[in-house]
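Data first, discussion second: the structure below is written as structure tokens.
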Amino acid sequence: MYRLILNSSLSAMKRSAVTSRTYHRPSTTAPACNRFSTTSGAYFHPWIPGSNTYPQTAKWHVELSNQDVKKLLKDYNPKKVEEDFMCSAEGPDEMGNIVFHVYRRYTRGEQLRLQIATQDGRARITEITWETFGPSVQAPEWTAKRFAIEICREFLSCDMKGAK
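The opening residue of the sequence shown carries number 2 in my numbering; numbering runs sequentially from there.
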């Protein structure tokens, strides 16, 4: 009875593989580098720069110290699976402008972008762009600014003394 049900539900190709026991059985042992392990090398998907779907932009005037600028120029790659964000900087270009990006690990999308301008040896954040929750739900500006301050302080150890 069981063979009759099995033969009627499987295609001819699959049926021959099952009866000859040549089909692939999943391995019961874990691979050497588990992508979900916190002790082995963590596996991360590639990042998608500029993938904001509902970006919102606002002016922001925050003075940065030279130490903070040096820390922002260093990229931050997550070391553990539990860490949700990656930071990357572009620049400085020929005008001295820097673009600082924060990407979310799970969505692989850009969550935050800071435009940093340098003039006369001083650096200043001039603009902030952040991802909102959709066209009908807008994230307030103050939450994006607070998020930027927390990311810079927590992951990059920036002082951000001029930020409010």
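Note that the Cβ used here is the ideal one computed from N, Cα and C, for glycine as well.
(message) To the nearest angstrom, how far is the alpha carbon of C34 from that of Y104?
(response) Here residue 34 corresponds to residue number 33 of the sequence shown, with the count starting at 1. Here residue 104 corresponds to residue number 103 of the sequence shown, with the count starting at 1. At C34, the pLDDT of 41 sits below 50, so the modelled position is not reliable; the number obtained from the coordinates is stated separately. The straight-line gap from Cα to Cα measures roughly 24 Å.
(request) Whole angstroms is fine: what's the gap from F101's alpha carbon to L157's? (result) Here residue 101 refers to the residue found at position 100 when the sequence shown is read from its first residue. Here residue 157 refers to the residue found at position 156 when the sequence shown is read from its first residue. The alpha-carbon atoms of F101 and L157 are separated by roughly 12 Å.
(request) Sort A164, D160, T133 by Cα distance to T58 and report the nearest one. (result) For the purposes of this step, residue 58 is taken as residue 57 along the sequence shown, with counting starting at 1. The shortest C-alpha separation from T58 is found at T133.
(request) State the DSSP-derived secondary structure class of A124, mapped to helix, strand or coil. (result) Start at 1 with the first residue of the sequence shown, and residue 124 comes out as number 123. Three-state DSSP puts A124 in a strand.
(request) Tell whether a beta-carbon distance below 8 Å holds between R109 and F86. (result) Start at 1 with the first residue of the sequence shown, and residue 109 comes out as number 108. Start at 1 with the first residue of the sequence shown, and residue 86 comes out as number 85. Cβ atoms of R109 and F86: not closer than 8 Å.
(request) Under 8 Å by Cβ, that's how I've got L74 and A90 pegged, so tell me the actual separation to the nearest angstrom. (result) Translated into positions along the sequence shown, residue 74 becomes position 73. Translated into positions along the sequence shown, residue 90 becomes position 89. The pair is a contact, with the Cβ atoms about 5 Å apart (cut-off 8 Å).
(request) Give the single residue among E111, D160, K165, A118 whose Cα lies nearest to the Cα of E95. (result) As a first step, residue 95 must be located in the sequence shown, where it is residue number 94. Closest option to E95, Cα to Cα, is A118.
(message) Taking the alpha-carbon of V70 as reference, which of P56, Q116, A145 has the nearest alpha-carbon?
(response) On the sequence shown, position 69 is the one that residue 70 refers to. Nearest of P56, Q116, A145 to V70, Cα basis: Q116.
(request) Report the rounded CA-to-CA distance for M161 versus K80, giving the unit in angstroms. (result) Within the sequence shown, residue 161 is the residue found at index 160, counting from 1. Within the sequence shown, residue 80 is the residue found at index 79, counting from 1. Answer to the nearest angstrom: the Cα atoms are 24 Å apart.
(message) On the CB-based measure, 16 or more other CB atoms within 10 Å of its CB, does T144 come out buried or exposed?
(response) On the sequence shown, residue 144 is found 143 positions in, with the first residue counted as 1. Exposed: under 16 other Cβ atoms inside 10 Å.
(request) Measure the C-alpha to C-alpha separation of P56 and A149 and round it to an integer number of angstroms. (result) As a position in the sequence shown, residue 56 is number 55, starting the count at 1. As a position in the sequence shown, residue 149 is number 148, starting the count at 1. Near 15 Å, if we compare the C-alpha coordinates of A149 and P56.
(message) Taking the alpha-carbon of V63 as reference, which of I152, E83, I129 has the nearest alpha-carbon?
(response) Taking the first residue of the sequence shown as position 1, residue 63 is located at position 62. Per the Cα distances, I129.
(request) Would you list the one or two residues that DSSP bridges to C159? (result) Here the question's residue 159 lines up with position 158 in the sequence shown. For C159, which the question treats as bridged, DSSP gives no partner whatsoever.
(request) Go ahead and label I152 buried or exposed: buried means 16 or more other beta carbons lie within 10 angstroms of its beta carbon, across all protein chains shown. (result) In the sequence shown, counting from the first residue as 1, residue 152 sits at position 151. Buried: at least 16 other Cβ atoms inside 10 Å.
(request) Using 10 angstroms around the beta-carbon of K60, count the other beta-carbons present and answer buried if the total reaches 16, otherwise exposed. (result) On the sequence shown, position 59 is the one that residue 60 refers to. Burial call: exposed.
(message) Looking only at its chain, what residues have a beta carbon closer than 6 Å to the beta carbon of P93, apart from the 5 residues adjacent to it on each side?
(response) Indexing the sequence shown from 1 puts residue 93 at position 92. Here the set comprises I99.
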